[in-house]
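Q: This is the structure I want to talk about, given as structure tokens.
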Amino acid sequence: MQETPRIRMLLGLADDALIHGHRLSEWTGHAPTLEEELALANIALDLIGQARALYQATGLPEDDLAYLRDPHQFRNVLIAELPNGDFAFTIARLLLVATAADLAWRDAATSDDSDLPAIAAMARNEIAYHIRHAADWLIRLGDGTEESHRRSQNALDALWPYTGELTVGIDRSAWLGAIEAVLERATLTHPADGWMQGGGRDGRHTEHLGHLLAEMQILPRSHPGATW
Amino acid sequence: MYSQALNTKDAAAADTSPEAASFQARIDAEERIEPNDWMPDAYRRTLIRQISQHAHSEIVGMLPEGNWITRAPSLRRKAALLAKVQDEGGHGLYLYSAAETLGVAREELVDQLLTGRAKYSSIFNYPTLSWADIGTIGWLVDGAAIMNQIPLCRCSFGPYARAMIRVCREESFHQRQGYEIVLTLARGTPAQKAMAQDALNRWWWPCLMMFGPPDTDSQHSDTSMRWKIKRFTNDALRQKFIDATVPQGHFLGLTFPDPDLRFDEASGHWQCGTIDWSEFRRVLAGDGPCNRERLAARQKAHDDGAWVREAALAHAAKQQRKAA
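Protein chains in written order, with our numbering: chain G, 273 to 500; chain S, 323 to 646.
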């Protein structure tokens, strides 16, 4: 695969959506309420749909990109591949990632790429709902009980070092402003920016991505050439 | 997806009151009974049990199919499966809501499921071992569910009948999608075709059991028929399913795991061999391959979610105090 700058950019967005969508889909059947089963599956579906549109925009077969690349060829940010943790972790990650994605899509909407503006228009509508959903929950959890507050704060503390690469290419202060507005209502705080994890965009991932892909890719890998 | 004739006996005491007579007259005239209308206690109890069993089946049914979401073999299949499992959750939600119109809370119904007091369709106690199981569940399990549920669209209880209309529409979409998965496998590589055959071998008999015990053993049908909760007997629905499904299987080039299956020219029906009802009773009683795992998974989701639900309530209470 010839990874032109355009393909690399598309893969970054697409892999973020696919891998995060995969993690959210793991909640299916295990969410804290029935309504939340539906909501998390719905967000996962949106993200997988965005990934498909972006893979298709590369002109390469979408399933080859999703199923036949090795971990080091994935361009997603590390935060997307971290295991789900508890519900607070999942929700806090969703807020952090969706808020960044919204800013990235805002730029994509005005790009002169042949495909991106149309995909961005669809994605931005969806992401607006993801942000609202995550913010509503984080406010409930932060403000709810002592336990839910503690879990939410722990999640933010654990996630923060992964937010550095999340805001590369977008305005971090705009992102931070949007996040802080939610955290204030949630009575939560974020740690100061310190050393940040990175490497996802260059294909240097956490230990978790290999396992995720081993599971996701097993059928096409074990039946080469088969149609499903 | 999946109502099943599971109802245990609930003999309706002969009610000779004028209300009961006018209630029966409305049913006989094909009128719908609505939540605030007078109804016999046994009618209410029967419906709460049936609708909640149906809702539980939808929710437990998310687990075997959910097992393959992360391993779906293409992005198109992944999105379709995720949407399907989400639909099942949605069906659970409207069914719990329909049950709630009869004066029982969802929490109480969920508690009945988790404590083993309420049943769910026996089919979900079987494992999904390959991708072909996902196609086969759509084709056969949703197919059987549709046979059971189409008549429920005319059930005498309005909220249940209306929920079923929407559910059936979605189920028939799932059924076609499942058949298309199996068709793709049956026309695929030898390994894919073997996968499809193995899935049919494992799911066929449990699917026939989804219609419930044979009419000769089913003591509760009479009352449900009189109340127009049920309109066809278990055996009649099972036969309809077999007649519709066997030619579909043959079209796929697959064989059914029943050496006695044959077409009876005289009746115009496919006749199957003897169903092993001891397996059905055993699985319903708790000894199926996945009964314990399914309930443990529901229990774990419930327990792990407790702090979330408490937080939501605590936040809502704080908001209310602020507004007051």
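For every residue, glycine included, the Cβ atom is placed at its ideal position computed from N, Cα and C.
Bear in mind that the values here come from a model prediction, so they are computed numbers and not experimental data.
If I measure Cβ to Cβ from Pro581 of chain S and keep anything under 8 Å in the same chain, skipping five residues before and after, which residues do I get?
A: Gly595
Q: For the alpha helix (DSSP H) holding His294 of chain G, just list the boundary residues, first then last.
A: Pro277 to Ser297
Q: In angstroms, rounded to a whole number, what distance separates the CA positions of Ser444 of chain S and Ala421 of chain S?
A: Cα to Cα, Ser444 of chain S sits roughly 21 Å from Ala421 of chain S.
Q: For Gln519 of chain S, list the residues DSSP reports as bridge partners.
A: Per DSSP, none; premise fails for Gln519 of chain S.
Q: Residues of chain S with CB under 7 Å from Pro492 of chain G, in chain order?
A: Pro395
Q: Taking Cβ positions only, does Asn397 of chain G come closer than 8 Å to chain S?
A: no
Q: From this set, S:Trp527, S:Ala607 and S:Leu617, which residue's C-alpha is nearest Leu583 of chain S's C-alpha?
A: Measuring from the Cα of Leu583 of chain S, the nearest candidate turns out to be S:Trp527.
Q: Which residue's Cα is closest to the Cα of Ala406 of chain G: G:Phe359, G:Arg378 and G:Gln274?
A: G:Phe359
Q: Starting from Arg631 of chain S, trace the alpha helix (DSSP H) in both directions and tell me its first and last residue.
A: For Arg631 of chain S, the enclosing alpha helix (DSSP H) begins and ends at Ala628 to Ala645.
Q: Given this structure, state the Cα-to-Cα distance separating Leu368 of chain G from Thr435 of chain G, to the nearest angstrom.
A: Cα-Cα distance, rounded: 8 Å.
Q: Measuring alpha carbon to alpha carbon, tell me which of S:Gln519, S:Ala402, S:Leu417 and S:Gly411 ends up nearest Thr458 of chain S.
A: S:Gln519
Q: With DSSP collapsed to three states, give me the class of Trp318 of chain S.
A: One cannot answer for residue 318 of chain S here, as it falls past the ends of chain S, which runs 323 to 646.
Q: So, for Trp525 of chain S: in the same chain, excluding its five sequence neighbours on each side, which residues have a beta-carbon less than 6 Å away from its beta-carbon?
A: Closer than 6 Å at the Cβ level, and outside the excluded window around Trp525 of chain S, lie Thr458 and Leu462.
Q: Residues of chain S with CB closer than 8 Å to the CB of Thr417 of chain G, please, in chain order.
A: Trp629, Glu632, Ala633 and Ala636
Q: So is Asn314 of chain G in contact with chain S if we call contact Cβ pairs under 8 Å?
A: yes
Q: Please name the residues in the segment 499-511 of chain S whose beta-carbon is closer than 9 Å to at least one beta-carbon of chain G, in chain order.
A: Ile503, Thr506, Leu507, Arg509, Gly510 and Thr511
Q: Determine the chain S residues that contact Met281 of chain G at a beta-carbon separation under 9 Å, and present them in chain order.
A: Chain S residues near Met281 of chain G: none, gap ~20 Å exceeds 9 Å.
Q: Which chain S residues sit within Cβ distance under 9 Å of Ser420 of chain G?
A: Trp629, Val630, Glu632, Ala633, Ala634, Ala636 and His637
Q: Give the straight-line distance between the Cα atoms of Arg439 of chain S and Asp598 of chain S, rounded to the nearest whole angstrom.
A: 25 Å
Q: Count the other CB atoms within 10 Å of the CB of Ala393 of chain G; is the residue buried (16 or more) or exposed (fewer)?
A: exposed
Q: What are the uninterrupted segments assigned as alpha helix (DSSP H) that are 4 or more residues long and contained completely in the segment 421-488 of chain G, given in chain order?
A: 444-457 and 479-488
Q: In terms of residue numbering, what span does the beta strand (DSSP E) encompassing Asp384 of chain G cover?
A: Looking at the DSSP string, Asp384 of chain G is not in any beta strand (DSSP E), and its letter there is neither H nor E.
Q: For Ser452 of chain S and Asn358 of chain S, what's the separation of their Cα atoms in angstroms?
A: 47 Å
Q: What alpha helix (DSSP H) runs, 4 residues minimum, are completely inside the segment 449-476 of chain S?
A: 453-458 and 464-471
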